[in-house]
Each structure stands twice: as C-alpha cells, then as structure tokens.
DNA sequence: TCAGGAATGTTATGTTATAACATTTCACTC
DNA sequence: GAGTGAAATGTTATAACATAACATTCCTGA
Ligand SMILES: [Zn+2]
Ligand SMILES: [Zn+2]
Ligand SMILES: [Zn+2]
Ligand SMILES: [Zn+2]
C-alpha cells in the first residue's frame, strides 16, 4: 500500500477498496454496502460514501459520473483524472491517460478563457471482446 | 422550431424546453417540475423525464452527468455530443464542439479497439468573467 | 495521561430516476 | 365521420443515489 503519505487506510476503507476491486465492473455505493453487510456487518451508507471520498482523494478509486458508480484506479498514485472507456455490453472499463486528448482539451478550454479544475471524460461503446463475439 | 422532422413538440415538451432555457445554468429535473407546477400545474416527475428524453433525442437539450442537470443546446440540430465547460463559481456552461478534441479522443479510443456510442466530456473550472472579478 | 483532531456511528432526510399499468390524444384509414 | 392502433400522457408507487447533523470512539503526539 502506497499509503506512506500519512493517510490512514483504516479497516472500513480497506474493505471498501477490496469490494470495489472485487467487482470487475463499476459498482454503486449501495452495492458496495450490501456486500459489506452480507457477512454480518451493519454499516450505513455514510460510511461507504466517506470511504469512497477518501479513496478518490488518494487516487485509488474513480467515480464514473455517467453511471453513478465507482471503479478501482488502474494507475494508482496521486489524485488524477483519466479517460474512461465503458463497454455497454459487458460493463468493463478501461482507463486511459492520453496526452493528446489532454492537450487538445486544454487548448480548447483555454481558448475560451476557462481554467480547468477537474475533468469528466467517459466514453460509452463496445470493447474489442464484445465486438468480436456479438456482431 | 426545427421540428419539421416528424417529431411532435407537444405542450409539456415545449414547457420543459422553455423552462430549461429560462435557467441560465443547468437545472435539475425536479427544479423544472417545481417551476411547471408553480403556476398551478400538477405534473409528475415522469412527465418531466419523458419530455427531457425527447428533447435530448432531438438535440435540443443536453444532460450534464456530473451535475445531474440539464441545459439547452447551444447548436440545436441532430442529436449530438459536445464538450461542456462548467464554471464552478457562476454555474454558467459553455458548449464546445471541438474537432481536435474529438479527433484525439477517437484515435485514443480506437487504438484500444473500442467503438464509440456516446461521449460525456465535462470540464469544471472557472469562466473568464469569474476569474476577472474574484482573483 | 490527557487533550484535540480524525474517523466512525447513528438517525433522519433530501434528491434523482424508473417501473408498471391505466387513460387519453392524434394521425390515418376505411 | 367512426374505427383503430401507436404515441403520448397520467397516476401511483418505489428504487436508487447522496448528504445533513450530531454523538461517540479512536488514534496520535505533547
Ligand atoms: Zn486512475
Ligand atoms: Zn465488452
Ligand atoms: Zn449541443
Ligand atoms: Zn463563472
């Protein structure tokens, strides 16, 4: 765990992180909650949302706004934005961090006089595997 | 109204479209509902969501996924995607349709073997006006 | 050991969105 | 101009997502 940067990976945060990763597709906060409580727990939604906030701040999890769901970060490190490719058939998500996209976007945004605080880039489509198997 | 393409701009759809445009910032479905019912109406959420679905299909309104809210389309026409710049201070939204961004994104996506069905590109930041007035 | 902040617990409520089925409206045909 | 079928709307209920507010516990460092 890269949490030698003074952030505390407490038990519930670890459980939520595990649960997010145990799903191969984006998972909703209440689904996370159910899985935690499935083995006898009695956590409340707040606990999950707080853990998710922590994990997002620490670059371990991303929120997929278009799905109201969460995925583990493919390249954990500092807090960062990425581009997400979501397969509409199997639900799998690929995380990109493409320099050309960021550059083109930054140029277009600054041309309008805006500054960037955060980005949401989510593409819905079909992954190679699903394209091959269901024409 | 460009609805000579056989889609019916009925009364409730027109009211919802007007309400979306009457707000200078993205507006939530339930806020739209309140404004409709403010003058005595008694519509239900479904009516608003159905009207919004119609307006989005017809390229008159966009959904801002990161805000769970809706804005009028700046360049109405066919159904299309855009890039949205959202000012975190004043809430105003600028709609872009930048060719370089689309090109870079399409390239990065196809390089991964994905196809694109729909895009969500939403940048949160500060607009020129707010940058000037609050340093 | 004893603060003081960070983390969690607890309860309640707010907000956003859809399911399922009934009824009405409207364009089109006969 | 009555019949008909699809599109649109009405209605009721509920699912799904998220936060407010305040109490309590836990950890760290003086
Ligand atoms: Zn990441
Ligand atoms: Zn797939
Ligand atoms: Zn548009
Ligand atoms: Zn602004």
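Protein chains in written order, with the numbering used here: chain A, 1 to 135; chain B, 1001 to 1135. Glycine residues also receive a C-beta, built at the ideal position from the N, C-alpha and C atoms. Every value quoted in this text rests on a predicted model; they were computed, and no experiment measured them.
Using the three-state DSSP reduction, which class does residue 1054 of chain B fall into: helix, strand or coil? Taking the second chain and counting its residues from 1, the one referred to as residue 1054 of chain B is at position 54. Three-state DSSP puts residue 1054 of chain B in a helix.
Among B/1022, B/1119, B/1060, B/1079, which has the Cα closest to the Cα of residue 88 of chain A? Locating residue 88 of chain A in the first chain gives position 88, counting from the first residue. The shortest Cα separation from residue 88 of chain A among B/1022, B/1119, B/1060, B/1079 belongs to B/1119.
Interface residues of the stretch 1091-1112 of chain B facing chain A [CB-CB below 8 Å]: Those would be 1094, 1096, 1098, 1100, 1101, 1103, 1104, 1105, 1107, 1108, 1109, 1112, in chain order.
Could you name the residues of the same chain whose beta carbon sits closer than 8 Å to that of residue 1060 of chain B, not counting the 5 residues immediately before and after it, in chain order? The residue given as residue 1060 of chain B occupies position 60 in the second chain. Cβ neighbours of residue 1060 of chain B beyond the five flanking positions: 1017, 1072, 1073, 1076.
Stretch-stretch touch, CB-based, cutoff 8 Å, three pairs: the stretch 1119-1128 of chain B with the stretch 102-122 of chain A: With the cut-off at 8 Å, the stretch 1119-1128 of chain B and the stretch 102-122 of chain A touch.
Residue 1117 of chain B beta carbon near ligand 2 (any heavy atom closer than 6 Å): Mapped onto the second chain, residue 1117 of chain B falls at position 117. The answer is no for residue 1117 of chain B.
Coil, strand or helix - residue 1105 of chain B by DSSP: The residue labelled residue 1105 of chain B in the question sits at position 105 within the second chain. If DSSP states are grouped into helix, strand and coil, residue 1105 of chain B belongs with the helices.
By DSSP, does residue 1073 of chain B sit in helix, in strand, or in coil? The residue given as residue 1073 of chain B occupies position 73 in the second chain. Secondary structure of residue 1073 of chain B (DSSP, three-state): coil.
Rounded C-alpha distance that separates residue 40 of chain A from residue 33 of chain A: Position 40 of the first chain, counting from 1, holds the residue named residue 40 of chain A. Position 33 of the first chain, counting from 1, holds the residue named residue 33 of chain A. C-alpha separation (whole angstroms): 11 Å.
Taking buried to mean at least 16 other C-beta atoms within 10 Å of its own C-beta, is residue 8 of chain A buried or exposed? Looking up residue 8 of chain A in the first chain gives position 8. Residue 8 of chain A is exposed by the Cβ-count criterion.
Can we count residue 100 of chain A as close to ligand 4, meaning its CB is less than 6 Å from some heavy atom? Indexing the first chain from 1 puts residue 100 of chain A at position 100. Ligand 4 has no heavy atom closer than 6 Å to the beta-carbon of residue 100 of chain A.
Residues in its own chain within less than 8 Å of residue 65 of chain A by CB, not counting five upstream and five downstream? Locating residue 65 of chain A in the first chain gives position 65, where the first residue counts as 1. The residues are 120, 122.
With a threshold of 6 Å (Cβ to nearest heavy atom), would residue 90 of chain A be considered close to ligand 6? As for ligand 6, it is missing from this structure, which binds only ligand 1, ligand 2, ligand 3 and ligand 4.
Starting from the N-terminal end, write out each residue whose C-beta falls within a distance shorter than 6 Å of any non-hydrogen atom of ligand 3. Qualifying residues come out as B/1062, B/1073, B/1074, B/1075, B/1080, B/1082, B/1095.
Considering residue 1011 of chain B, what are the terminal residues of the alpha helix (DSSP H) in which it resides? For the purposes of this step, residue 1011 of chain B is taken as the residue at position 11 of the second chain. Per DSSP, residue 1011 of chain B belongs to the alpha helix (DSSP H) from 1011-1022.
Heavy atom of ligand 4 within 6 Å of residue 127 of chain A beta-carbon: Against the first chain, residue 127 of chain A aligns to sequence position 127. Residue 127 of chain A: no, Cβ never under 6 Å from ligand 4.
In the DSSP assignment, what are the bridge partners of residue 120 of chain A? Along the first chain, one-based indexing puts residue 120 of chain A at 120. DSSP, once it has assigned bridges, lists B/1122 as partnering residue 120 of chain A.
Quick check on the DSSP output: the beta strand (DSSP E) that includes residue 1130 of chain B runs from which residue to which? For the purposes of this step, residue 1130 of chain B is identified with residue 130 of the second chain, where counting begins at 1. From DSSP, residue 1130 of chain B is part of no beta strand (DSSP E) but of the alpha helix (DSSP H) over 1128-1133.
When you compare each of B/1015, B/1025, B/1024, B/1022 to residue 1052 of chain B by their alpha carbons, which one comes out closest? Translated into the one-based positions of the second chain, residue 1052 of chain B becomes position 52. Between residue 1052 of chain B and the set B/1015, B/1025, B/1024, B/1022, the nearest pair of CA atoms involves B/1015.
From residue 117 of chain A to residue 1048 of chain B, what distance separates their C-alpha atoms? Looking up residue 117 of chain A in the first chain gives position 117. Looking up residue 1048 of chain B in the second chain gives position 48. Straight-line measurement puts the Cα of residue 1048 of chain B at about 31 Å from the Cα of residue 117 of chain A.
Less than 7 Å between CB atoms is the rule here; does residue 1089 of chain B satisfy it with respect to chain A? Taking the first residue of the second chain as 1, we reach residue 1089 of chain B at position 89. Not an interface residue.
In the DSSP assignment, find the unbroken beta strand (DSSP E) run with residue 63 of chain A in it and report its ends. By one-based count along the first chain, residue 63 of chain A stands at place 63. According to the DSSP assignment, residue 63 of chain A belongs to the beta strand (DSSP E) that extends over 61-64.
What are the residues of the stretch 1050-1070 of chain B that lie near chain A, defined by any Cβ-Cβ distance shorter than 8 Å? Within the stretch 1050-1070 of chain B, those residues whose Cβ lies closer than 8 Å to any Cβ of chain A are, in chain order, 1065, 1066.
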